[in-house]
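Have a look at the structure below before the remarks.
Residue numbers (UniProt numbering): 1 to 93.
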């Protein structure tokens, strides 16, 4: 059986404050190598992004690109990670 590619990303969201240019180019629809490098350069010069919407401050990245890719973008590492389980205790009586 053949499965057609839909173009929808299935990977985990990327952290826009730690992603490499290669990560951006792969994860963001409509962003190639040049725009991905511009995102990393902007972040290096201006510090971390405060929100995903701050990507619009990068020349060449507009609101439409952000909205199209919003579910694939995040700030920080905690938002998509499952909480760690508490260590099991064995209290046999």
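Glycine residues also receive a C-beta, built at the ideal position from the N, C-alpha and C atoms.
The model shown is predicted, which means the values in this text are computed figures rather than measured ones.
| Item | Value |
| --- | --- |
| DSSP beta-bridge partners of residue 15 | 74 |
| Three-way DSSP call (helix, strand, coil) for residue 40 in this model | helix |
| Same chain only: Cβ atoms within 6 angstroms of residue 95, ignoring 5 sequence neighbours per side | Outside the modelled stretch of the chain, which goes from 1 to 93, sits residue 95, for which no answer is possible. |
| Cβ-Cβ separation, residue 49 to residue 72 (assumed contact under 8 angstroms), whole Å | About 14 angstroms separates the two Cβ atoms, so there is no contact after all. |
| Cβ pair residue 69, residue 28 closer than 8 angstroms | yes |
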